[in-house]
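Engineer: Going by the working numbering, the letters in the sequence shown line up with residues 546 to 658, in that order.
For glycine and all other residues, C-beta sits at the position ideal for the given N, C-alpha and C.
What you are looking at is a predicted structure, and each value in this text was computed from that prediction instead of being measured.
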Amino acid sequence: MENNKEENFDEEQYPSEIIEYIMSEPGHEIIKRIITLIEDIKKSTLDKNVELTKINVTNNHKQRAYLIIQQTIVFVVIVVASIYLAVMDKFSPTIGVLFGTVIGYFFGKKTLS
Numbered sequence: 546m547e548n549n550k551e552e553n554f555d556e557e558q559y560p561s562e563i564i565e566y567i568m569s570e571p572g573h574e575i576i577k578r579i580i581t582l583i584e585d586i587k588k589s590t591l592d593k594n595v596e597l598t599k600i601n602v603t604n605n606h607k608q609r610a611y612l613i614i615q616q617t618i619v620f621v622v623i624v625v626a627s628i629y630l631a632v633m634d635k636f637s638p639t640i641g642v643l644f645g646t647v648i649g650y651f652f653g654k655k656t657l658s
């Protein structure tokens, strides 16, 4: 029975020793360093996320501009080809369906937001 009391006493004594060590100058310094380290990790992670967000916004803008240029070129080429074929009496319903499909493909693409 007394062994159990001694073990309980030792278990209860450890937390108070830890608190005393933390309250001492070396323990306080260690805790400050740990907190500083955690804050630095948090700051670097947040900074990295901000940089990645900026890069993604720039890339999305470039991809959107490229898509608009691409759609414009395809639209102009198909309109010019349609006019040329109509003037030459070579425009057929099959070519019309083909041109419509190509334009539908380019304008039906999901745009990046």
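If you follow the alpha helix (DSSP H) that D592 is in, where does it begin and where does it stop?
Structural biologist: Residues E570 to V632.
Engineer: With the cut-off set at 8 Å, would you say I623 and F644 are in Cβ contact?
Structural biologist: Cβ atoms of I623 and F644: closer than 8 Å.
Engineer: Can you tell me whether DSSP reads F636 as helix, strand or coil?
Structural biologist: Residue state, collapsed to three classes: coil.
Engineer: Closer than 8 Å is the cut-off here; do at least three beta carbon pairs connect the stretch 648-655 with the stretch 609-629?
Structural biologist: Touching, yes.
Engineer: How is M546 classed by DSSP in three states: helix, strand or coil?
Structural biologist: Here the model assigns M546 a pLDDT of 46, short of 50, so the residue's position is not dependable, and the following value carries that caveat. Looking at M546 - three-state DSSP - the assignment turns out to be coil, as it is neither helix nor strand.
Engineer: State yes or no: is the C-beta of I640 within less than 8 Å of the C-beta of L630?
Structural biologist: Against a cut-off of 8 Å, the Cβ pair of L630 and I640 comes out as a contact.
Engineer: Can you find the residues in the same chain that come closer than 7 Å, C-beta to C-beta, to Y566, ignoring five residues on each side of it along the sequence?
Structural biologist: Cβ within range, chain order: G572.
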